[in-house]
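In what follows, a single structure is set out as structure tokens and then discussed.
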Amino acid sequence: MRSAIRAHRGGRLACPVPASVVAASLAVACLAVASLAACTPADHQDSSLAWSSCGSTVDTKALGVPVEQMARLDLSCAGLTVPLDRTGATSGEVEVRLLRISRRSDEARPPLLLIAGGPGQSGVDNAAVLVGWLPGEILDSFDVIGFDPRGVGRSDPIACVGRRPETPILDLSTDAGYAAATTVARSWAQECSTTLGERARHYSTTATAEDIEAIRFALGVDRLRYVGWSYGAKLGAEYARLHADRVEAAVLDAPTDPDVAWTEMIRRQVDGFESAFGRFADWCEGRSECAALGDVRAFVPALVRRAEQSPITSLRRSDLTGTTGSDVVDGVVAALYDDARWPDLAATLTESAAGDSGGLRALAEATVRPRPEGDEPPDTQAQAQYVINCNDTDDDPTEVEVRTAAARLVRDDPTFGAWGSFNLLGCAFWDVPRTPLPPSSAATPRPLLVVGTRHDPATPYVGAERMTDLLGHAVLLSWEGEGHTAFGRSRCIGEYVVDYLVDLRVPAVGTTCPAGA
């Protein structure tokens, strides 16, 4: 679940949907924001959805959707116009782009909204990929709807900064590291806020939650059923807080703790990745695929230092630059989202030690859109993450708090501490009016279903526990597995989620699925 500053590529933390299923977005966790004016049907400037062929909007082949799966489905696209500012203080509109995926038949089905992670991940692309593994009962029962939130993908994408040079991993506990990091962060914030102007403040979780209400109204249903992964779980919780009576069923998979200070959130994430890396190292012991690595806990930091001093060459023709230390860490982190990728990680680390970093770069870049080359426009995903997260919080740590927390990370997390310390700056230089999100609570007609993975490095399990408590009318479904998110990775979790979404059967309190199921 990645969400914090990503102007600096070294130090991205994360919050995506399942890494084994769809391209995720690495960054730092996802704080939230306070309510805008409530949205009623009268506020919707265009409450109709004119579905039509998606044309080239969605390339299912490029997204890896199985051909045999697509042969049984119809894809259609639409746009929904919503006001930029529902208070009317700032003029303008946003067209939210949607994708509908349905079985080929004449039978009418209710919608199921899928909410992607990030913030910054395309929900249209996400939905297209997810149909490759969604349980058959879901596709039999619903028309699946994905959408690009405002400021993301095809919905008025945030493009407020140009390309930036690669920055080495910076240790914010040192004078030099802190000075360099603040220079990068300040420049990013000033350029972005200046470019966006009055629009800057209107890209937030609460604003998007109101857009979801507009989507519900346009879909013509009284109550909505939806699934949100990672940041999408936070967004889904905010929609439930604002429109509890409009929620039929909601699955919130891998949420962040909605009631924790910024520096503590970063500490938990970095600790989570360090712990997951330790379990990878334990898994490696005695395995032939790891034989060339020796002590993995020592090997990876040494490889990072080597790449920082001299980028490691990639033998892939598409890689125009070498792999830096930040790239090495990004690749390792990407693999820690799903233990099914650990063999790939061992293989790519072995290749990198031999002088070919191509596989490791591929691991990292499978979780983000490819970096632009030449004169192509910059990827806007990182910019959306930054703007939305900063509008969601007013928690700006002081220099003393940042440097103290950085020293602790470097001391306790030797693999990821310095890399993650950049994110401690959070939104310190984001000079835009903000409306912080209050703690989640939702008096929905039936309990919401929160899903937590015991060994989730990106959104630690404690976040699911805390979200369940704060919502007040929710049940926690736990998976004892490894990696980020559970629905789509655990068969056992999938069965409970399907029962809940299709038949509205809520799991018993305390239900837990074992790691292998």
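FYI, the numbering for the sequence shown is -34 to -1, 1 to 483, going by mature numbering (1 follows the signal peptide of the UniProt record, and there is no 0). Just so it is clear, CB atoms sit at the ideal spot from N, CA and C, and this is done for glycine as well. None of these values were measured; they are calculated from a predicted model.
Margin query: Quick check on DSSP: helix, strand or coil for residue 209?
Written below: Residue 209 sits at position 243 when you count from the first residue of the sequence shown. Residue 209: coil per DSSP, three-state reduction.
Margin query: Suppose the cutoff is 6 angstroms on Cβ atoms and the five residues either side in sequence are ignored; what does the same chain contact list for residue 263 look like?
Written below: In the sequence shown, residue 263 corresponds to position 297, counting from 1. Hits under 6 angstroms: 247.
Checklist line | Beta-carbon contacts of residue 440 that lie in its chain and below 6 angstroms, excluding the five residues immediately before and after | finding: Taking the first residue of the sequence shown as 1, we reach residue 440 at position 474. Correct list, in chain order: 413, 414, 416 and 434.
Notebook entry, point to check: Enumerated in chain order, which unbroken segments of the beta strand (DSSP E) with a length of 3 residues or greater are wholly contained in the region 142 to 202?
Noted result: 190 to 195
Next item on the list: Mind checking which residues open and close the beta strand (DSSP E) that includes residue 45?
Entry: If you number the sequence shown from 1, residue 45 lands on position 79. First-last of the beta strand (DSSP E) with residue 45: 39 to 49.
Note to self: Does residue 268 pass the burial test, meaning 16 or more other C-beta atoms within 10 Å, or should it be called exposed?
What the structure shows: In the sequence shown, counting from the first residue as 1, residue 268 sits at position 302. Exposed, because fewer than 16 other Cβ atoms sit within 10 Å of the Cβ of residue 268.
Check: Between which two residues does the alpha helix (DSSP H) carrying residue 246 extend?
Finding: Indexing the sequence shown from 1 puts residue 246 at position 280. Here the alpha helix (DSSP H) through residue 246 covers 228 to 250.
Notebook entry, point to check: Which runs of the alpha helix (DSSP H), 4 residues or longer, sit entirely within the region 422 to 461?
Noted result: 427 to 437
Item checked: Rounded C-alpha distance that separates residue 481 from residue 461 -> The count along the sequence shown starts at 1 and reaches residue 481 at position 515. The count along the sequence shown starts at 1 and reaches residue 461 at position 495. Spanning the two alpha carbons is a distance of roughly 15 angstroms.
Notebook entry, point to check: What's the call for residue 71, buried or exposed, on a 16-neighbour Cβ count within 10 Å?
Noted result: On the sequence shown, position 105 is the one that residue 71 refers to. With fewer than 16 other Cβ atoms within 10 Å, it is exposed.
Notebook entry, point to check: Taking C-alpha atoms, which residue in 142, 17 and 203 lies nearest to residue 404?
Noted result: The count along the sequence shown starts at 1 and reaches residue 404 at position 438. Selected option, being the one with the closest Cα: 203.
Item checked: Endpoints, alpha helix (DSSP H) assigned at residue 61 -> By 1-based counting over the sequence shown, the position of residue 61 is 95. Per DSSP, residue 61 belongs to no alpha helix (DSSP H); it is in the beta strand (DSSP E), 59 to 69.
Note to self: Using only the alpha-carbon positions, how far apart do residue 95 and residue 447 sit?
What the structure shows: As a first step, residue 95 must be located in the sequence shown, where it is residue number 129. As a first step, residue 447 must be located in the sequence shown, where it is residue number 481. In a straight line, the C-alpha of residue 95 is about 23 angstroms away from that of residue 447.
Margin query: When you compare the region 137 to 148 with the region 80 to 95, are there three or more beta-carbon pairs, one atom per stretch, that lie closer than 8 angstroms?
Written below: no
Notebook entry, point to check: When you compare only the Cα positions, how much space is there between residue 377 and residue 365?
Noted result: Translated into positions along the sequence shown, residue 377 becomes position 411. Translated into positions along the sequence shown, residue 365 becomes position 399. So the alpha carbons of these two residues sit roughly 18 angstroms apart.
Check: In angstroms, rounded to a whole number, what distance separates the CA positions of residue 297 and residue 382?
Finding: Residue numbering aside, residue 297 sits at position 331 when the sequence shown is read from its first letter. Residue numbering aside, residue 382 sits at position 416 when the sequence shown is read from its first letter. When rounded, the distance between both Cα atoms is 12 angstroms.
Check: Can you round the beta-carbon distance between residue 313 and residue 321 to whole angstroms, since I take them to be within the 8 angstroms contact cut?
Finding: As a working note, residue 313 is residue 347 in the sequence shown. As a working note, residue 321 is residue 355 in the sequence shown. In fact, because the Cβ distance is near 15 angstroms, the residues do not count as touching under 8 angstroms.
Next item on the list: Using the DSSP secondary-structure output, state which residues sit across from residue 218 in a beta bridge.
Entry: Looking up residue 218 in the sequence shown gives position 252. Answer is 194 and 416, bridged to residue 218.
Next item on the list: For the region 47 to 60 and the region 110 to 129, state whether three or more C-beta atom pairs, one from each stretch, are separated by less than 8 angstroms.
Entry: yes
Item checked: Between the CA atoms of residue 135 and residue 291 - distance to the nearest angstrom -> Translated into the one-based positions of the sequence shown, residue 291 becomes position 325. Translated into the one-based positions of the sequence shown, residue 135 becomes position 169. Using only the alpha carbons, I get a separation of about 7 angstroms.
Margin query: Checking the sheet assignment: what are the DSSP bridge partners for residue 109?
Written below: Taking the sequence shown and counting its residues from 1, one reaches residue 109 at position 143. Paired residue(s): 77.
Margin query: Taking the straight line between their C-alpha atoms, what separation do you get for residue 293 and residue 189?
Written below: In the sequence shown, residue 293 corresponds to position 327, counting from 1. In the sequence shown, residue 189 corresponds to position 223, counting from 1. Taking the straight line from one Cα to the other gives about 44 angstroms.
Notebook entry, point to check: Using the beta-carbon count (16 or more within 10 Å), is residue 423 buried or exposed?
Noted result: For the purposes of this step, residue 423 is taken as residue 457 along the sequence shown, with counting starting at 1. Under this definition residue 423 is a buried residue.
Margin query: Using a 10 Å radius around the Cβ and a threshold of 16 neighbouring Cβ atoms, would you call residue 14 buried or exposed?
Written below: Along the sequence shown, one-based indexing puts residue 14 at 48. Residue 14 should be labelled exposed.
Note to self: Any contact between the region 249 to 258 and the region 101 to 113? By contact I mean 3 or more CB pairs, one from each, below 8 angstroms.
What the structure shows: no
Notebook entry, point to check: DSSP state of residue 479, grouped into three classes?
Noted result: Along the sequence shown, read from residue 1 onward, the residue named residue 479 stands at position 513. Note: residue 479 maps to strand in three-state DSSP.
Next item on the list: Let me know if residue 123 comes out buried or exposed under the rule of 16 or more other beta-carbons within 10 Å of its beta-carbon.
Entry: Indexing the sequence shown from 1 puts residue 123 at position 157. Flag for residue 123 reads buried.
Note to self: Need the endpoints of the alpha helix (DSSP H) that residue 96 sits in, please.
What the structure shows: Counting from 1 along the sequence shown, the entry for residue 96 is found at position 130. That run of the alpha helix (DSSP H) goes 89 to 96.
Note to self: Taking only three categories from DSSP, how would you classify residue 472?
What the structure shows: Here residue 472 refers to the residue found at position 506 of the sequence shown. DSSP places residue 472 in coil when its eight states are reduced to three.
Item checked: Whole-angstrom distance between residue 168 and residue 49, CA atom to CA atom -> The residue labelled residue 49 in the question sits at position 83 within the sequence shown. The residue labelled residue 168 in the question sits at position 202 within the sequence shown. If you take the alpha carbons of residue 49 and residue 168, they lie about 10 angstroms apart.
Check: If you run the structure through DSSP and keep just helix, strand and coil, what is residue 118?
Finding: Residue mapping note: residue 118 aligns to position 152 of the sequence shown, counting from 1. Reduced to three states, the DSSP call for residue 118 is strand.
Next item on the list: Enumerate in chain order the residues of its own chain whose CB-to-CB distance from residue 238 is below 6 angstroms, with the five nearest sequence positions on each side excluded.
Entry: Taking the first residue of the sequence shown as 1, we reach residue 238 at position 272. Within the same chain, residue 238 has close Cβ partners 423 and 426.
Notebook entry, point to check: Counting Cβ pairs, one atom from each stretch, are 3 or more of them under 8 angstroms apart for the region 68 to 84 and the region 27 to 45?
Noted result: yes
Next item on the list: May I ask you to report which of helix, strand or coil DSSP gives residue 19?
Entry: Here residue 19 refers to the residue found at position 53 of the sequence shown. DSSP places residue 19 in strand when its eight states are reduced to three.
Notebook entry, point to check: Looking only at C-alpha atoms, which of 241, 221 and 192 sits nearest to residue 212?
Noted result: Position 246 of the sequence shown, counted from the first residue, corresponds to residue 212. Here the closest residue by C-alpha is 192.
Next item on the list: Taking 7 angstroms as the cut-off, decide whether the C-beta atoms of residue 205 and residue 181 are in contact.
Entry: Here residue 205 is taken as the residue at index 239 of the sequence shown, counted from 1. Here residue 181 is taken as the residue at index 215 of the sequence shown, counted from 1. Contact flag unset, no.
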